[in-house]
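Asks: Sharing a structure with you now.
Residue numbers (my numbering): 208 to 298.
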């Protein structure tokens, strides 16, 4: 049992060293697109949703009414959020 674990550990170590040396063989200059990497679209969406929800919570009665409309219409997913956003911006 000990010998098996030792051999397995040695194999993983050897594989890790080989993978590390293969990574250093790559060119040192990154591609232009990689240097100007933008945050993922999903992250921006989550940040935007959090900001919208924080703003909506200041007017809870209106948010409650908008949520009731969403439920009555059976909206789900993105359609739900877009409808709530539209409903909250109405006067």
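From the three backbone atoms N, C-alpha and C, an ideal C-beta is built for every residue, glycine too.
Model, not experiment: these values are computed from the prediction.
Roughly how many angstroms lie between the CA atoms of residue 269 and residue 253, to the nearest whole one?
Replies: Rounded to the nearest angstrom, the two C-alpha atoms are 22 Å apart.
Asks: What did DSSP end up calling residue 258 once you bin it into helix, strand or coil?
Replies: If DSSP states are grouped into helix, strand and coil, residue 258 belongs with the helices.
Asks: Which value, in whole angstroms, describes the spacing of the CA atoms of residue 287 and residue 277?
Replies: About 6 Å.
Asks: How many angstroms separate the CA atom of residue 289 from the CA atom of residue 267?
Replies: If you take the alpha carbons of residue 289 and residue 267, they lie about 17 Å apart.
Asks: Going by alpha carbons, who is nearest to residue 272 out of 213, 258 and 296?
Replies: Ranking the options by Cα distance to residue 272, first place goes to 296.
Asks: Excluding the five sequence neighbours on either side, which residues of its own chain have a C-beta within less than 6 Å of the C-beta of residue 263, listed in chain order?
Replies: Hits under 6 Å: 270 and 295.
Asks: Is the beta carbon of residue 293 closer than 9 Å to that of residue 259?
Replies: Going by C-beta atoms, residue 259 is not nearer than 9 Å to residue 293.
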